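Reading through the structure tokens given below for one structure.
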Amino acid sequence: MLDEAMTAIAENGLAALTMSALADRLGTSGGHILYYFGSKDRLFLEALRWSEAALTEERRALLAGRAAPARKLDRFLRLYLPKGPRDPRWMLWIELWARAGANEPLRAAQEELDRGWRDDLETLLAQGAAAGAFAADDGPGRAGELLALLDGLSTRVVLGQRDADRRSALGSARSAAERLIGCAPGGTPG
Numbered sequence: 186m187l188d189e190a191m192t193a194i195a196e197n198g199l200a201a202l203t204m205s206a207l208a209d210r211l212g213t214s215g216g217h218i219l220y221y222f223g224s225k226d227r228l229f230l231e232a233l234r235w236s237e238a239a240l241t242e243e244r245r246a247l248l249a250g251r252a253a254p255a256r257k258l259d260r261f262l263r264l265y266l267p268k269g270p271r272d273p274r275w276m277l278w279i280e281l282w283a284r285a286g287a288n289e290p291l292r293a294a295q296e297e298l299d300r301g302w303r304d305d306l307e308t309l310l311a312q313g314a315a316a317g318a319f320a321a322d323d324g325p326g327r328a329g330e331l332l333a334l335l336d337g338l339s340t341r342v343v344l345g346q347r348d349a350d351r352r353s354a355l356g357s358a359r360s361a362a363e364r365l366i367g368c369a370p371g372g373t374p375g
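Counting from 1, position 74 in the sequence shown corresponds to residue 259 in our numbering; the numbering is continuous, with no gaps.
The structure is reproduced here in structure tokens:
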């Protein structure tokens with residue numbers, strides 16, 4: 186149900202999603218969906234949390250792995266960026282950003298989900314600094330800068346803006362990471 190909701194939201198946006206249309210896609214009733222989720226906002230938020238849960242597992246495995254810090258950082262960047270235009274996960278994030286300003290529960294959820302990415306990147310940068318692979322100054326600040334850049338690049342890719350595709354976004358992210366922490370992701374100290 187969450188996978189189908191995510192796909193429907195990515196295709197047409199949350200505003201266009203109705204419980205009855207989603208129910209038709211699933212071969213069930215709108216009342217059945219409302220029973221489980223109670224509202225469209227709750228369905229939307231649960232779809233995003235479901236999507237992010239799998240990525241959280243991948244990030245944690247990445248941090249626990251034995252790869253060199255630069256390789257871990259490169260894998261983190263790849264995991265963060267959208268697969269391409271209208272990536273369903275990223276369409277949900279854009280919808281969340283648009284709605285969070287006026288909705289306290291959505292804002293709190295956004296902060297919680299963001300915090301997972303930020304904490305894991307800070308941990309990764311601290312591991313790299315401890316190993317002498319990354320610059321050791323202001324890991325939290327560098328993580329915040331890199332995540333802001335990744336959000337901007339991701340938005341351009343997911344919206345299908347001209348000259349914005351996953352490959353070029355990854356190249357820009359790698360270049361920025363090299364300038365910010367002194368190491369080329371996936372490569373050697375810069």
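Beta carbons: idealized from backbone N, C-alpha and C, even for Gly. Remember, predicted model here, so these are calculated numbers, not experimental data.
Contact between ALA358 and LEU338 is confirmed by a C-beta separation of about 6 Å, below the 8 Å threshold.
Annotation note: the segment 202-254 contains the following uninterrupted alpha helix (DSSP H) runs of length 4 or greater, listed N- to C-terminal: 204-211, 215-222 and 225-249. Here the alpha carbons of GLY367 and GLU330 stand approximately 14 Å from one another.
Nearest C-alpha to ARG234 among ARG300, ALA333, GLY345 and ARG351: ARG300. For GLY313, the number of other beta carbons within 10 angstroms of its own is at least 16, and it is reported as buried.
Within a 10 Å sphere around the beta-carbon of TYR220 sit fewer than 16 other beta-carbons, which makes this residue exposed.
For the options ALA246, PHE229 and SER205, the alpha carbon positioned closest to that of LEU309 is the one of ALA246.
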